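A short worksheet on the structure shown next.
Residue numbers (the numbering used here): 1 to 128.
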């Protein structure tokens, strides 16, 4: 995150400003509580205080948004159409399987048929 510019080290003025409002922070390196009024680095792991830079994040998000708007790739409708066609083909294949085997042998839980209704259908078929 530091290499990308999203996280930067705090300046002494920023540390003093935060120290007036917050007494203790937790080190982002080791998690230890640090009294920011006394220390200007973590006394446990010696890492400098850093912060997520909101301006850098905003700049990166604007760059990503600009890259998306400049790209002429608009494949969302194509993807939806492809998914609908796949589902239509799957349903057609299931209907063909049922018609070849008969409805009694292909009843399953995914068809919304429970064991009770399947049992009644079997008894009805035996009595006929």
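C-beta: ideal position from N, C-alpha, C; glycine also.
Predicted model only: the values in this text are computed from it and were never measured.
At what residues does the beta strand (DSSP E) containing residue i begin and finish?
i, result
"residue 35", "33 to 35"
"residue 8", "7 to 9"
"residue 50", "50 to 52"
How long is the line joining the alpha carbons of residue i and residue j, rounded to whole angstroms?
i, j, result
"residue 9", "residue 68", "31 Å"
"residue 114", "residue 53", "58 Å"
"residue 125", "residue 79", "45 Å"
"residue 121", "residue 100", "18 Å"
"residue 56", "residue 62", "10 Å"
"residue 17", "residue 50", "14 Å"
"residue 84", "residue 91", "11 Å"
"residue 42", "residue 29", "8 Å"
"residue 12", "residue 21", "15 Å"
"residue 45", "residue 34", "11 Å"
"residue 24", "residue 77", "52 Å"
"residue 86", "residue 98", "19 Å"
"residue 118", "residue 82", "35 Å"
"residue 64", "residue 96", "47 Å"
"residue 140", "residue 66", "Beyond the ends of the chain as shown, which are 1 and 128, falls residue 140; an answer cannot be given."
"residue 128", "residue 94", "27 Å"
"residue 39", "residue 47", "11 Å"
"residue 60", "residue 36", "30 Å"
"residue 58", "residue 6", "10 Å"
"residue 88", "residue 123", "34 Å"
Our contact map puts residue i next to residue j with C-beta atoms below 8 Å; I'd like the distance itself, whole angstroms only.
i, j, result
"residue 26", "residue 19", "Not a contact, Cβ separation roughly 15 Å."
With residue i as the anchor, note down where its alpha helix (DSSP H) starts and where it stops.
i, result
"residue 117", "115 to 127"
Can you name the residues that DSSP bridges to residue i?
i, result
"residue 24", "35"
"residue 41", "48"
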